[in-house]
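Reviewing the structure listed below.
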Amino acid sequence: MDNNKVKLLVTNLDWNMSIETQNNTIDLLTKIDAEQVGLLIDFKLKGTWENAVKVVKKIGYPGNYRAIPSLLELLQDLNWPGTLMGVEILTSMDIKVTIPFIEEAIQKAYNEEDYMWLGGINEIIKLANIKEEDFNNKAIFKLLRYRDWN
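In terms of the working numbering, the sequence shown opens at residue 28 and continues consecutively.
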């Protein structure tokens with residue numbers, strides 16, 4: 028399936044579509060190539076996020092590897108659709124896999140002065156029992172002190 032077809036199918040994940048359409052689309056999208064998994068969570072289509080994360084979960088690791096950055100972006104607001112399932116996916120992965128992405132997300136959140144996002148990232152760190160010594164760059168870990176909440 029080409030990338031344009033994947034992007035078109037993602038629009039059918041919208042919560043305003045019939046349940047049948049949503050479920051059929053979830054099934055279709057679980058068969059995409061691993062290289063296309065990063066296309067599933069389209070931040071311009073909020074109504075699709077929860078179902079997109081369901082697809083990411085169904086695909087499983089290592090096939091869902093390319094969705095890690097998007098799952099971390101969902102942590103900008105823990106109330107966003109799909110975020111809690113995204114947390115579940117991220118905390119189930121080996122920290123050796125997620126740490127480089129977490130470090131990148133922390134740096135991005137800090138650079139954007141998005142301290143609420145830092146709080147969301149900190150939740151993953153707590154739930155996955157990640158420690159400062161697990162980080163490749165200890166200075167990045169220290170940026171978490173700027174988070175809005177514990």
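Glycine included, every Cβ here is placed at the ideal spot set by N, Cα and C.
Determine the extent of the alpha helix (DSSP H) in which residue i is found, giving its start and end residues.
i: Ile-167; result: 165-169
i: Trp-144; result: 142-154
i: Ala-61; result: Segment: none, Ala-61 is in no alpha helix (DSSP H) and carries neither H nor E.
i: Asp-29; result: First-last for Asp-29: undefined, no H or E at that position.
i: Thr-75; result: Note, Thr-75: premise wrong, no alpha helix (DSSP H); not H, not E.
i: Pro-108; result: Looking at the DSSP string, Pro-108 is not in any alpha helix (DSSP H), and its letter there is neither H nor E.
i: Asp-54; result: 46-56
What distance in whole Å lies between the Cβ atoms of residue j and residue i, which are believed to be in contact at a cut-off of 8 Å?
i: Ile-148; j: Leu-111; result: That belief does not hold up - the Cβ atoms of Ile-148 and Leu-111 are roughly 15 Å apart, past 8 Å.
i: Thr-118; j: Ala-155; result: 4 Å
i: Met-28; j: Ile-68; result: About 17 Å separates the two Cβ atoms, so there is no contact after all.
Can you check which of these residues, the options, is closest to residue i by C-alpha distance?
i: Glu-159; options: Asp-54, Thr-38, Ile-129, Trp-144; result: Ile-129
i: Glu-140; options: Ile-46, Ile-152, Leu-170; result: Leu-170
i: Asp-175; options: Trp-144, Lys-165, Phe-168; result: Trp-144
i: Tyr-173; options: Asn-164, Glu-77, Gly-146; result: Gly-146
i: Pro-108; options: Glu-150, Lys-81, Ile-86; result: Lys-81
i: Leu-99; options: Pro-89, Lys-165, Gln-134, Glu-62; result: Gln-134
i: Ile-86; options: Lys-71, Asp-54, Phe-70, Leu-72; result: Asp-54
i: Lys-153; options: Asn-164, Ala-136, Asn-177, Tyr-137; result: Asn-177
i: Glu-150; options: Lys-32, Asp-104, Thr-57, Tyr-137; result: Asp-104
Using a Cβ-Cβ cutoff of less than 6 Å, which residues in the same chain neighbour residue i once the five nearest sequence positions on both sides are dropped?
i: Thr-75; result: Val-37, Leu-40, Asp-41
i: Arg-93; result: Val-64, Gly-65
Excluding five sequence neighbours on each side, which residues of the same chain lie with their C-beta closer than 8 Å to the C-beta of residue i?
i: Pro-96; result: Gly-65, Phe-128, Glu-131, Ala-132
i: Lys-84; result: Asn-91, Met-112, Glu-115, Ile-116
i: Asp-161; result: Ile-122, Ile-126
i: Met-44; result: Thr-52
i: Ile-167; result: Glu-130, Ile-133, Gln-134
i: Glu-62; result: Arg-93
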